[in-house]
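Worksheet for the structure shown next.
Number of protein chains: 2
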Amino acid sequence: MEDTLRRKLEAKPLNFESFFSEKALGMKASEIRELLKLVESSDIISLAGGLPAPETFPVEMIKEISAEVLEKHADKALQYGTTKGFTPLRLALASWMERHYAIPMSKVEIMMVAGSQQALDLIGRTFINPGDVVAVEAPTYLAALNAFGYYEPEFLSIPLDDDGMKVDLLEEKLEELEKEGKKLKFVYTVSTFQNPAGVTMSVERRKKLIELAKEYDFLIVEDNPYSELRYSGEPVPPIKHFDDEGRVLYLGTFSKILSPGFRLGWVAAHPHFIRKMEIAKQAIDLCANTLSQVIAWKYVEEGYLDRHIPEIIEFYRPRRDAMLEALEEYMPDGVRWTKPDGGMFVWLTLPEGIDTKLMLEKVIARGVAYVPGEAFFAHRDVKNTMRLNFTYVPEEKIREGVRRLAEVLKEELH
Amino acid sequence: MEDTLRRKLEAKPLNFESFFSEKALGMKASEIRELLKLVESSDIISLAGGLPAPETFPVEMIKEISAEVLEKHADKALQYGTTKGFTPLRLALASWMERHYAIPMSKVEIMMVAGSQQALDLIGRTFINPGDVVAVEAPTYLAALNAFGYYEPEFLSIPLDDDGMKVDLLEEKLEELEKEGKKLKFVYTVSTFQNPAGVTMSVERRKKLIELAKEYDFLIVEDNPYSELRYSGEPVPPIKHFDDEGRVLYLGTFSKILSPGFRLGWVAAHPHFIRKMEIAKQAIDLCANTLSQVIAWKYVEEGYLDRHIPEIIEFYRPRRDAMLEALEEYMPDGVRWTKPDGGMFVWLTLPEGIDTKLMLEKVIARGVAYVPGEAFFAHRDVKNTMRLNFTYVPEEKIREGVRRLAEVLKEELH
């Protein structure tokens, strides 16, 4: 078979590039991603990933539920479903969001998607014209930049601090835009335990953001994969909770509270928006995986989810603690980092002049990996930051990884 | 909850339309689809659907395999996977295609997708620039028109007969295009037991199509969901079998041989094309459902698939026969239909002057539904055709459905 392949690759090649669309010609694989792919399969301590720990998957619950589902609901669980998703699951999620976040919800405000990544693509398709202004946090979720980027918006980067997006700076930018005769289409925010920075937008800023959205007539895309993973501090209501006009498109996902392999997320938004996104999704993949939807329905409806979340939290808290302690212990002066109350990531800012992309190979040579921060900035204009993950690797490895990273950093700072 | 919803829908509405992208403003729900949605939930005999019969789902096999997968492979089956898909499954499919279709295949030529619908969208994204010429059969698969249509190609419609796409007409069109200084980007064909027409492209035409592709330098997208469902006649090799240059992008799916709810298909194509589509898919949904992939791997690898296909065939053959017999018995003169050796659909052509879209409500009033043919034509220029499905409804209902449909037709023809 490999022989055939070699022949195919060598023999009179087509002019492959000539067939690609112009946009496809511009799609490049990330070098960093390729490098980190190699790392994942080695015995390097990877603080680079974004994976949940497999120990947190509720395997026994899923076994139990899937056996029951295949016994009783196989005709639905194995058949095509509607594009909006399995109605009992949408009802269960509506009621769960109402109970947990005090957001009144009806099933027509919910559409199931193939992971919240698909929601990002759908939002791009449904809302972004080339040149539309989209505000993102700086740093922001890398894959959101990829998803939106295809639709060619003009990104507006709004810096973060420990209270999340600096909404006062957004306001300044909005005034400037207005002067230029431009309009903001939407703000994208990972509001709680942000990826990559780990910070949470304060309640005051959430309210202010809603006010600005009304004043300047824009939408808010609130991506909320992590809020259930809270290890300390008090819960903060989603921005959607303060939304009385339907300006917030809320993205939820089962990836961190059940299984990322299910590729199952949801959009909670005004029925007018859901309706259009439903039509868009129809052309893209008809519907989300139904077996996973039926399992997820039982998981939410019968209280498994609420029983399982505390187990995930107990599993991750020591890892978060281990990372913060190790950073405190080993990091040289001049290095700053966030102190997340939840989620999966800590964000490091090094002294100016250090380029974490250039430093990566050196660190990998010492057996540790991280993600250089540059790619999390829409304008790739910040070089001295990195993201560390604390959910995938056990405590002792986290400590050892941070120790080795700190060693390289000390050398660099000399 | 419904009260809240009413308040939201009534109270000071946003100007929703003002937020949509221009392309999204052009996306409309199909009226026919909406009408047929209502039908599916009634006791009307629906020959309109495109659903496999749930009786053909290998529920016991899936139960057995999924219990084993969750026992032994939960860490992989519930975790994020690579964008290309679960490697053992890609290997198993490569070897299955080699065994069944004599197509030499390596795993780097295979990428898993969320149903072949997603492959259609990915192909649009990767290959179509606005205005590119894309040839489709007339009629062709409706959802392919939707998927490609988003990318704004110029569709070229090539008529079908009982031997599939009229490749000689394609050749004429290619000459014309050349004169106009235009180039064909790709031909899209459902080569075997076509949806909607049920016909199969002859071997001669397959070879001729490959020759034309070389001569005029275009690609071929071969969508092959139905070839395993053969009730009579001799198997025909996929077009991909005759492809020695990598011009054919082959789409396979588990929807008709395992479960459509799995939303699992694959693209088999030259590694250069796969590589680009992988980057495109990354931004769209990261990866396909991993639990379904691991189950499908066992299903293919351990021979369940090969054992199950004959069972599906035995289940559907009497339904195909019932439909062809009933058409023979009841249809008035002047009505023609295809005689498929497999697949799920029969295609009816009525005398000129009958508009099947206008006739639909009358037929539904008699308790039967079909899909009017118009939407299967890229240029919507044919009014007197319809698609009938014979897989979902039992034999006696098929007969009764066809009888009632014929009744209305006889009235119309008077």
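Sequence order for the protein chains is A and B.
Going by the numbering used here, 55 is the number at position 47 of the first sequence; the sequence numbering is gapless.
Going by the numbering used here, 103 is the number at position 95 of the second sequence; the sequence numbering is gapless.
Glycine included, C-beta positions come from ideal geometry on N, C-alpha and C.
Whether residue i touches residue j by CB criterion (8 Å)
i              : j              : result
residue 172(B) : residue 125(B) : no
residue 143(B) : residue 192(B) : yes
residue 131(B) : residue 257(B) : yes
residue 305(B) : residue 161(B) : no
residue 291(A) : residue 129(B) : yes
residue 245(B) : residue 109(B) : yes
residue 293(B) : residue 271(A) : yes
residue 303(A) : residue 73(A)  : yes
Selection from the options that minimises the alpha carbon distance to residue i
i              : options                           : result
residue 86(A)  : 296(B), 258(B) and 71(B)          : 71(B)
residue 189(B) : 140(B), 132(B) and 153(B)         : 140(B)
residue 227(B) : 62(B), 169(B) and 281(B)          : 281(B)
residue 287(A) : 56(B), 196(B), 158(B) and 119(B)  : 158(B)
residue 354(B) : 62(B), 389(B) and 398(B)          : 398(B)
residue 295(A) : 284(B), 263(B), 305(B) and 309(B) : 263(B)
residue 372(A) : 35(A), 45(A), 195(A) and 34(A)    : 45(A)
residue 65(B)  : 381(B), 307(B) and 395(B)         : 307(B)
residue 107(B) : 299(B), 311(B), 181(B) and 84(B)  : 311(B)
residue 207(B) : 74(B), 102(B) and 352(B)          : 352(B)
residue 209(B) : 178(B), 225(B) and 169(B)         : 169(B)
residue 204(A) : 194(A), 364(A), 356(A) and 214(A) : 356(A)
residue 100(A) : 42(A), 186(A) and 309(A)          : 309(A)
residue 394(B) : 360(B), 404(B) and 222(B)         : 360(B)
residue 347(A) : 284(A), 396(A), 383(A) and 318(A) : 396(A)
C-beta neighbour in chain B for residue i, strict 8 Å
i              : result
residue 136(A) : yes
residue 107(A) : no
residue 83(A)  : yes
residue 287(A) : yes
residue 412(A) : no
residue 35(A)  : yes
residue 28(A)  : yes
residue 93(A)  : no
residue 297(A) : yes
residue 39(A)  : no
residue 24(A)  : yes
residue 227(A) : yes
residue 280(A) : yes
residue 1(A)   : Residue 1(A) is absent from the model: chain A starts at 9 and stops at 422.
residue 32(A)  : yes
Buried versus exposed, by CB contacts within 10 Å (16 or more), residue i
i              : result
residue 23(A)  : exposed
residue 238(B) : buried
residue 122(B) : buried
residue 114(A) : buried
residue 9(A)   : With a pLDDT of 48 at residue 9(A), under the threshold of 50, the predicted position of this residue should be treated as unreliable, and no value is reported.
residue 249(B) : buried
residue 388(A) : exposed
residue 422(B) : exposed
residue 231(A) : buried
residue 254(B) : buried
residue 37(B)  : exposed
residue 289(A) : buried
Nearest-angstrom Cβ-Cβ length linking residue i and residue j, presumed shorter than 8 Å
i              : j              : result
residue 320(A) : residue 265(A) : 7 Å
residue 409(A) : residue 379(A) : Contact doesn't hold; Cβ gap of about 13 Å is too wide.
residue 401(B) : residue 53(B)  : 6 Å
residue 133(B) : residue 32(A)  : 7 Å
residue 349(B) : residue 241(B) : 4 Å
residue 166(A) : residue 177(A) : 6 Å
Any C-beta of chain A under 8 Å from that of residue i
i              : result
residue 100(B) : no
residue 405(B) : no
residue 420(B) : no
residue 9(B)   : In this predicted model, residue 9(B) has a pLDDT of only 48, less than 50, meaning its place in the structure is not dependable enough to derive any value.
residue 190(B) : no
residue 255(B) : yes
residue 232(B) : no
residue 155(B) : yes
residue 238(B) : no
residue 54(B)  : no
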